[in-house]
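Take a look at the structure below.
2 protein chains.
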Amino acid sequence: MRKALADSEIETRRRYPVPAETDPAIEALVQDIIGKVADKWTMLILEALQEQGTLRFTQLGKAVGRISQKMLTQTVRQMEQDGLVHRTVHPVIPPHVDYTLTPLGESLSAAFCGVWIWAEAHHAEILRAREAFAAARKA
Amino acid sequence: MRKALADSEIETRRRYPVPAETDPAIEALVQDIIGKVADKWTMLILEALQEQGTLRFTQLGKAVGRISQKMLTQTVRQMEQDGLVHRTVHPVIPPHVDYTLTPLGESLSAAFCGVWIWAEAHHAEILRAREAFAAARKA
DNA sequence: TCCGACACTCTCCTTTCGGTGCGTATAAAT
DNA sequence: ATTTATACGCACCGAAAGGAGAGTGTCGGA
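Read top to bottom, the protein sequences are chains A and B.
With full-length UniProt numbering, the residue at position 128 of the first sequence is 128, and numbering never jumps.
With full-length UniProt numbering, the residue at position 125 of the second sequence is 125, and numbering never jumps.
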C-alpha cells in the first residue's frame, strides 16, 4: 500500500485534456444510430439479406435462425424506417411480402463485414481469455 | 387485388434452397460474441479507449458520454473478461484504476471503424429516410 | 474535525426485451 | 366442409436491461 503521493507520478503520464467534443446534436444522433444498428437482430437480418438477396417473411426468419415472429417484424420495421431494407407487399392472398436491402442497407452490411470476419477470426482467442480470467479469479 | 395465381410468377424469381449451414457450435459461438460485442456501450467504450489510449474510470465515463456508473463498470468488466481491455489497479488511496485496450481490443476497434465511418457518413440519409417513412405513413 | 476525491458496490425502481399464443383474411386444395 | 398457407397485429407475461441514489474506505487538505 503506497501513499497517495505516488499518484501524481502516475498522473503525469497522460495530461491531455478531454478533447473538444464535436457538435452534440450530431454526436447524439450518431450514438442513437449506433444504438439501433449495433443490435443483434439487425446484424443478423442484414447478414441474411446480404447473402440471400431477396427473402420473404418466413424465409427470412429461417435464415436468421431462432428469432420469434415478433422480433422479426419489429426489427424489420425499424430497419425499413431507417431506410435499410425495402419492403414490397404483393396484394395477393395468401399475403406475400418481399424484403431486400436498400443501397444504404448494403453499405451498412459491408461496414459490418469486418466485424464478422473479426468474430470468426478471434473467437478462439476470446475463449482463451475467458478461461484465463476464470483461472485468475480463483487465485 | 390479384389472384393467388400470380404468386407463382413472383416465386420463380428466386428458387435456391436455404444454403447448408456451417458448424452449428461455431455459429452459436459467433452469434454469442456478436451479441456481446455488438453492444452500444461496448462500442462506445472501445471508441473512447481507442482514441484516448489510457483512461481511468471517471475519465472513461466522461469520454463515453451519458453512461451510468453501473453500466460502465459492468461493460468494462465484461470486456476485461473477453480480453478486450486491460485493467490496471494501482493500490493507492484514493483508488486509481487505468483502462487500456489489449491488442485484441484494438483489432476489434479497427473492425468497428468501418461502422463509425458509415454512421457519420450516412446519418443525414437516415434522417431523410425516417421523414419519408413518416410522410408515407400518413397517406 | 469535517469534506472531498476515487472507484466502485448495493439496493430499489422503471423501462424495454423478447417469447407464447390467439386472431384474421381468403382462396385454393382436399 | 374443412384444412392450409402467409404475414402479420394484439394482449399478456416473465426476464433482463439500465438508471438513480446512497453507502464505503481511507487519506490529505481546509
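Every residue, glycine too, gets a C-beta built ideally from N, C-alpha and C.
Fair warning: this is a prediction, and the values are worked out from it, not measured in the lab.
Can you find a C-beta in chain B that's less than 8 angstroms from the C-beta of residue 141 of chain A? Any property of residue 141 of chain A remains undetermined from this structure, which presents chain A solely from 1 to 139.
Are the C-beta of S68 of chain A and some C-beta of chain B separated by less than 8 angstroms? no
Can you name the residues of chain A whose CB is closer than 8 angstroms to the CB of A119 of chain B? V30, I33, I34, V37
Taking contact to mean at least 3 C-beta pairs separated by less than 8 angstroms, is the region 104-115 of chain A in contact with the region 36-54 of chain A? yes
In whole angstroms, what separates the C-alpha of A28 of chain A from that of G65 of chain B? 9 angstroms
Check whether chain B comes within 8 angstroms of M71 of chain A, counting only Cβ atoms and requiring the distance to be less than that. no
For the candidate residues B:D98, B:G83, B:L84, whose alpha-carbon lies nearest to that of H90 of chain B? B:D98
Taking the alpha carbon of M43 of chain B as the point to measure from, which residue in A:D39, A:I45, A:R130 has its own alpha carbon closest? A:D39
Please say whether T73 of chain A and V85 of chain A have beta carbons closer to each other than 8 angstroms? no
Run through chain A and tell me which residues come within less than 7 angstroms of H86 of chain B, C-beta to C-beta. Within chain A, no residue comes near H86 of chain B; the closest Cβ sits about 11 angstroms away, beyond 7 angstroms.
Can you pull the DSSP bridge partners for T100 of chain B? B:T54, B:H86
Can you say whether D33 of chain A is buried or exposed, counting buried as having 16 or more other CB atoms within 10 angstroms of its CB? Before going on, a small fix: residue 33 of chain A reads as Ile here, not Asp. Buried: at least 16 other Cβ atoms inside 10 Å.
Cβ neighbours of I67 of chain A in the same chain (closer than 7 angstroms, five flanking residues each side left out): W41, G61
Going by DSSP, what residue range makes up the alpha helix (DSSP H) through V92 of chain B? Run containing V92 of chain B: none; DSSP gives neither H nor E here.
When the cut-off is 8 angstroms and only beta carbons count, does V97 of chain A lie next to chain B? no
Is any beta-carbon of chain A found at less than 8 angstroms from that of G61 of chain B? no
For the candidate residues B:F57, B:Q78, B:E120, B:I93, whose alpha-carbon lies nearest to that of R130 of chain A? B:Q78
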